[in-house]
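Participant:
There are 2 protein chains.
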Amino acid sequence: MKKKEARITIKDIAKALNLSAATISRVLSNHPAISESTKKIVNDKVKEMGFSLDPIASSFRSKKTKSIGVICPRIDIDFHSKVISGIEEYAYKQGYQITIFQSHDSYIKETEIVQMLENSLAAGVIICPGLETKRYEHLKKLGKSNIPLVLYDRTSEQLKASKVIINDFEASYNATVHLIQQGCKNLAHIAGNQNVDIFKSRLTGFKKALEQYKLPFQEQFVKETKNLTYEEGKEAAEALLLNTSIPDGIVCANDYTAAATLKVFRNNGIAIPEKAAIIGFSNYPISSILEPQISTIDDSAYEMGLVAAKILIQQIEDKEMQVLDYQEVIIKTKLIVRGSSDRKQN
Amino acid sequence: MKKKEARITIKDIAKALNLSAATISRVLSNHPAISESTKKIVNDKVKEMGFSLDPIASSFRSKKTKSIGVICPRIDIDFHSKVISGIEEYAYKQGYQITIFQSHDSYIKETEIVQMLENSLAAGVIICPGLETKRYEHLKKLGKSNIPLVLYDRTSEQLKASKVIINDFEASYNATVHLIQQGCKNLAHIAGNQNVDIFKSRLTGFKKALEQYKLPFQEQFVKETKNLTYEEGKEAAEALLLNTSIPDGIVCANDYTAAATLKVFRNNGIAIPEKAAIIGFSNYPISSILEPQISTIDDSAYEMGLVAAKILIQQIEDKEMQVLDYQEVIIKTKLIVRGSSDRKQN
DNA sequence: TTTTTTAATGCAAATGTTTGCATGATTTTT
DNA sequence: AAAAATCATGCAAACATTTGCATTAAAAAA
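What follows is the structure in structure tokens.
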């Protein structure tokens, strides 16, 4: 009968060194009141015995965890998986773990998850709210429970919280200006769901550029899609071709719809970029593989995650010193000019 | 001075109902020795007061958590993000949370993560081992700590543990046979890193098909790449074209290299699929967007995650009844025939 | 009715760590 | 040299829950 291998505890270290458990605990949290000499002795013993704190007991007592909840609509979307990659990377380095949830854009599930994170004392939460989310009470409650919060990508004016976004307006404006500079005069836009702020901004940026350059804005040259899928892109592009005049520049709200437009236009004998220039959004892998490669906006998803984690952890750790305040970071996007819009090189 | 909003505990419920904390606890875990009548009374009160158990205190006392550690090389790879999506979906439904880590294929980081999961009493672990991982002591240790383990995608004979894989050998064999049936005689293979079992199997499946159909295997028709990137694919395809005879069928170990091959061959005036048929692997989004669409093998990543979670949770919950045994599940792949290899429709 | 069995609940300990307060030792100030 | 200040450490309580064992009440058996 071997007795069950019991976990080494702080008390074992204490006993071995004739010190109190309190002292060991203080050494481990680098408490200033402990002398350097005992710190060394304890740390050596800790290493020797291969001890490490029981994080659960620790959380239980201190009412703090090292776990960050991340909620996104779905993680098998290139953009989100990149953001999460950035979050994980930074969080891990700072000693935090990330726990991931998919809301599938369901408001009910989102509230459920938030509730559970609150209940399990998450150190902080990073969220990209779902499409259905119009009310933010669940997130406000987090604030009341003193759990820091960072929103990314989709945000809301309604909520006083830290945010990491790209400037969709500006990015879309820049994309449009780029096409104008390539000589396009009849510009079209394949838009995302207009209930979503970021897609609304992309449309606004598009309009703004037209206005600025005194080009006409034509309602029938804007095609809204629901989910910006490749299939919807095809339909939108085909719809554009039904107009009496055909656009010579198409600003697409993502790369799938841009890829679809490329295909449809080509199939209809419209040379890209000579007769029509196309630019997408997000810099998906496909955009650099298609022929011609598709110009796009790089949305710096990985960096967005990195920054979100950074802001969040800062807030978590500043919380004790009561310097809680919100930041809004706008990640720089980059215009990537490729074959689908670059007329000079042709 | 309002007093700090304290958490509602099991004791508050007990007091309110003139019962003991023990009883409340038992109701909450549906203990058989509690009468139905008190169960109802307690449950009602719990709802009324909006109480829920403190998961940390609960874990602390019971030495069990509801958290599953997931380790993958990186999550911003389409395949892994799909697997994780499947894991999350199933785990969430069963009341488990998933905590995600990226090993970046580093053995050291991998052991570090496993160690930490062990230390934090993970309920179970799902892992796709990194490329550097040749020894499995860290994972064996998990078993000794009684933490169930499921490997996915990359596995090893060395380790006695549950596994979820696709039959790469068979999938690659089927892909090759498909090309042969399209009339290809000179088959080439663009291979993945041959230190990785799954890529080795894809090569073996390729060879097996040639043998079976009595076609010659030519060493110079196999090009190994390190990471199966689009760029490497281009180099490999160009290298293939340097041979005196040019292959008329190319089995690629993933869709990026297939896409690259498609481009290189076309640029060299080789009609696809007429002069050369191409098939990829994994069914990445690009494969259905390129023109022609690329035939491929769907690796059912989402399902793989689902199954991995299912097996793991089963093990976690059976652990108490000591029925611990290992399962190996082979997920069915699906041959997807598209324009890059379908000669009949042309 | 008395005894035995069964059912339902309570008692109290135990989990590993943190932390306010107390204490003792040492150093500095007067 | 005494008093005051500083430094390093220990004591013990507290955290919310679970669970083995004990207890009481009710039901069944004798």
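Residue numbers (full-length UniProt numbering), protein chains in the order written: chain A, 1 to 346; chain U, 1 to 346.
Glycine included, every Cβ here is placed at the ideal spot set by N, Cα and C.
Using the beta-carbon of each residue, which ones in chain A are nearer than 8 Å to Asn119 (chain U)?
Facilitator: Position 119 of the second sequence holds residue 119 (chain U). The answer, in chain order, is Ser52, Asp54, Pro55.
Participant: Please go through the same chain and pick out, in chain order, the residues whose beta-carbon is closer than 6 Å to the beta-carbon of Ala188 (chain U), but skip the five residues on each side of it.
Facilitator: If you number the second sequence from 1, residue 188 (chain U) lands on position 188. Taken in chain order, the residues that qualify are Phe221, Leu240, Pro247, Ile250.
Participant: Along chain U, in chain order, which residues have C-beta atoms closer than 7 Å to that of Phe60 (chain A)?
Facilitator: Along the first sequence, one-based indexing puts residue 60 (chain A) at 60. Going along chain U in sequence order, the residues near Phe60 (chain A) (Cβ under 7 Å) are Ile56, Ala57, Phe60.
Participant: Return the bridge partner residues of Ala6 (chain U) from the DSSP annotation.
Facilitator: Taking the second sequence and counting its residues from 1, one reaches residue 6 (chain U) at position 6. Bridge partners of Ala6 (chain U): none, in fact.
Participant: Who are the neighbours of Lys45 (chain A) on chain U, taking C-beta pairs under 7 Å?
Facilitator: Start at 1 with the first residue of the first sequence, and residue 45 (chain A) comes out as number 45. Those do not exist, as Lys45 (chain A) stays about 18 Å from chain U at its closest Cβ, beyond 7 Å.
Participant: Using the Cβ count rule (16 or more neighbours within 10 Å means buried), how would you classify Ile108 (chain A)?
Facilitator: Here residue 108 (chain A) is taken as the residue at index 108 of the first sequence, counted from 1. Burial call: exposed.
Participant: Mind checking whether Gln97 (chain A) and Phe101 (chain U) have CB atoms under 9 Å apart?
Facilitator: Taking the first residue of the first sequence as 1, we reach residue 97 (chain A) at position 97. Taking the first residue of the second sequence as 1, we reach residue 101 (chain U) at position 101. Yes, the pair counts as a contact, with Cβ atoms nearer than the cut-off.
Participant: For Met49 (chain A), does the count of other Cβ atoms within 10 angstroms reach 16, so buried, or fall short, so exposed?
Facilitator: Within the first sequence, numbered from 1, the residue matching residue 49 (chain A) stands at position 49. Met49 (chain A) comes out exposed.
Participant: Tell me whether Gln158 (chain A) is buried or exposed, calling it buried when 16 or more other Cβ atoms sit within 10 Å of its Cβ.
Facilitator: The residue you call residue 158 (chain A) lines up with position 158 of the first sequence. So Gln158 (chain A) ends up on the exposed side.
Participant: If you reduce the DSSP assignment to three classes, tell me which class Ser340 (chain A) lands in.
Facilitator: Locating residue 340 (chain A) in the first sequence gives position 340, where the first residue counts as 1. In the structure shown, Ser340 (chain A) sits in coil (DSSP, three-state: anything other than H, G, I, E or B).
Participant: Output needed in chain order: residues of the segment 260-279 of chain A with a Cβ under 7 Å from some Cβ in chain U.
Facilitator: Listed by position, the residues of the segment 260-279 of chain A near chain U (Cβ gap below 7 Å) are Lys263.
Participant: Which residues in chain A have a C-beta closer than 8 Å to the C-beta of Glu88 (chain U)? List them in chain order.
Facilitator: Start at 1 with the first residue of the second sequence, and residue 88 (chain U) comes out as number 88. Those are Ile75, Ile100, Phe101, Gln102, listed as they occur along chain A.
Participant: Among the candidates A:Lys63, A:Ala14, A:Ser35, whose CA atom is the shortest distance from the CA of Val46 (chain A)?
Facilitator: Here the question's residue 46 (chain A) lines up with position 46 in the first sequence. Of the listed residues, the one whose Cα sits closest to Val46 (chain A) is A:Ala14.
Participant: Just checking, does the segment 142-158 of chain U make contact with the segment 115-130 of chain U on the three C-beta pairs under 8 Å criterion?
Facilitator: The segment 142-158 of chain U is in contact with the segment 115-130 of chain U.
Participant: Distance, Cα to Cα, Gly143 (chain U) vs Gly269 (chain U)?
Facilitator: Sequence index remark: in the second sequence, residue 143 (chain U) carries index 143 (1-based). Sequence index remark: in the second sequence, residue 269 (chain U) carries index 269 (1-based). Distance between the alpha carbons of Gly143 (chain U) and Gly269 (chain U): 56 Å.
Participant: Do we get a CB-CB distance below 9 Å when we pair Ile336 (chain U) with the residues of chain A?
Facilitator: The residue you call residue 336 (chain U) lines up with position 336 of the second sequence. Output row for Ile336 (chain U): interface = no.
Participant: Flag Ile24 (chain U) as yes when its Cβ comes closer than 8 Å to any non-hydrogen atom of the ligand GDP, and as no otherwise.
Facilitator: Ligands in the displayed structure: none, and consequently the ligand GDP is not present.
Participant: For Thr111 (chain A), collect the residues of the same chain with a Cβ closer than 7 Å to its Cβ; drop the 5 residues on either side in sequence, then sort them by chain order.
Facilitator: Here the question's residue 111 (chain A) lines up with position 111 in the first sequence. Correct list, in chain order: His138.
Participant: I'd like to confirm the pairing. Which residues does DSSP put opposite His189 (chain U) in its beta bridges?
Facilitator: Here residue 189 (chain U) corresponds to residue number 189 of the second sequence, with the count starting at 1. DSSP output for His189 (chain U) lists U:Val222, U:Val251 as bridge partner(s).
Participant: Taking only beta-carbon positions, decide if Ser288 (chain U) is within less than 9 Å of chain A.
Facilitator: Residue 288 (chain U) sits at position 288 when you count from the first residue of the second sequence. Yes, Ser288 (chain U) lies at the interface with chain A (some Cβ there is under 9 Å from its Cβ).
Participant: Taking the continuous beta strand (DSSP E) assigned at Val42 (chain A), which residues delimit it?
Facilitator: Translated into positions along the first sequence, residue 42 (chain A) becomes position 42. No beta strand (DSSP E) holds Val42 (chain A); the alpha helix (DSSP H) holding it covers 36-49.
Participant: Give every residue of the same chain whose Cβ lies closer than 7 Å to the Cβ of Lys275 (chain A), excluding the five residues on either side of it in the sequence, and list them in chain order.
Facilitator: Sequence index remark: in the first sequence, residue 275 (chain A) carries index 275 (1-based). Here the set comprises Asp248.
Participant: Grab me the residues of Lys310 (chain U)'s own chain with a C-beta within less than 8 Å of its C-beta, minus the 5 sequence neighbours each way, in chain order.
Facilitator: Position 310 of the second sequence holds residue 310 (chain U). Cβ within range, chain order: Tyr90.
Participant: Could you check what DSSP says for Ser120 (chain A) in three-state terms: helix, strand or coil?
Facilitator: As a working note, residue 120 (chain A) is residue 120 in the first sequence. Coil, per DSSP.
Participant: If you measure from the beta carbon of Lys82 (chain A) to each beta carbon in chain U, is any gap under 9 Å?
Facilitator: For the purposes of this step, residue 82 (chain A) is taken as the residue at position 82 of the first sequence. True, the Cβ-Cβ gap to chain U drops below 9 Å.
Participant: So, are the CB atoms of Lys226 (chain U) and Glu219 (chain U) less than 9 Å apart?
Facilitator: As a first step, residue 226 (chain U) is located in the second sequence; it is residue number 226 there, counting from the start. As a first step, residue 219 (chain U) is located in the second sequence; it is residue number 219 there, counting from the start. Not a contact, by the Cβ cut-off of 9 Å.
Participant: My guess is that Asp299 (chain A) and Gly280 (chain A) are in contact by the Cβ rule of under 8 Å, so how many angstroms apart are they, rounded?
Facilitator: Counted from its first residue, the first sequence places residue 299 (chain A) at position 299. Counted from its first residue, the first sequence places residue 280 (chain A) at position 280. With 8 Å as the limit, Asp299 (chain A) and Gly280 (chain A) do not qualify as a contact, their Cβ atoms being about 11 Å apart.
Participant: Please list, in chain order, all residues of the same chain as Ser172 (chain U) whose beta carbon is under 6 Å from its beta carbon, the five residues on each side excluded.
Facilitator: On the second sequence, residue 172 (chain U) is found 172 positions in, with the first residue counted as 1. Cβ neighbours of Ser172 (chain U) beyond the five flanking positions: Arg202, Gly205, Phe206.
Participant: Taking Phe97 (chain U) as the query, report the chain A residues whose CB atoms sit under 7 Å from its CB, ordered along the chain.
Facilitator: Within the second sequence, numbered from 1, the residue matching residue 97 (chain U) stands at position 97. Strictly speaking, residue 97 (chain U) in this sequence is Gln, with Phe absent from that position. What Gln97 (chain U) touches in chain A: Thr99.
Participant: Hey, quick one: how far does the beta strand (DSSP E) through Tyr152 (chain U) stretch, first residue to last?
Facilitator: Here residue 152 (chain U) refers to the residue found at position 152 when the second sequence is read from its first residue. First-last of the beta strand (DSSP E) with Tyr152 (chain U): 149-152.
Participant: Between the segment 57-72 of chain U and the segment 35-42 of chain U, do at least 3 Cβ pairs fall closer than 8 Å?
Facilitator: These segments do not touch.
Participant: Compile a chain-ordered list of the residues in the segment 106-137 of chain U whose CB is closer than 7 Å to at least one CB of chain A.
Facilitator: Answer in chain order: Asn119, Ser120, Leu121.
Participant: Let's see if you can read the secondary structure: which residues bound the alpha helix (DSSP H) around Gly143 (chain U)?
Facilitator: Here residue 143 (chain U) corresponds to residue number 143 of the second sequence, with the count starting at 1. Residues 137-144.
Participant: Please list the terminal residues of the continuous beta strand (DSSP E) segment that includes Glu89 (chain A).
Facilitator: Residue numbering aside, residue 89 (chain A) sits at position 89 when the first sequence is read from its first letter. Per DSSP, Glu89 (chain A) belongs to no beta strand (DSSP E); it is in the alpha helix (DSSP H), 78-93.
Participant: For Lys223 (chain A), count neighbouring C-beta atoms within 10 Å of its own C-beta (all shown protein chains included) and say buried if the count is 16 or more, exposed if not.
Facilitator: Within the first sequence, the letter at position 223 stands for residue 223 (chain A). Lys223 (chain A) should be labelled buried.
Participant: Please confirm if Glu238 (chain U) has its CB atom under 9 Å from at least one CB of chain A.
Facilitator: Start at 1 with the first residue of the second sequence, and residue 238 (chain U) comes out as number 238. Cβ-Cβ to chain A under 9 Å: no for Glu238 (chain U).
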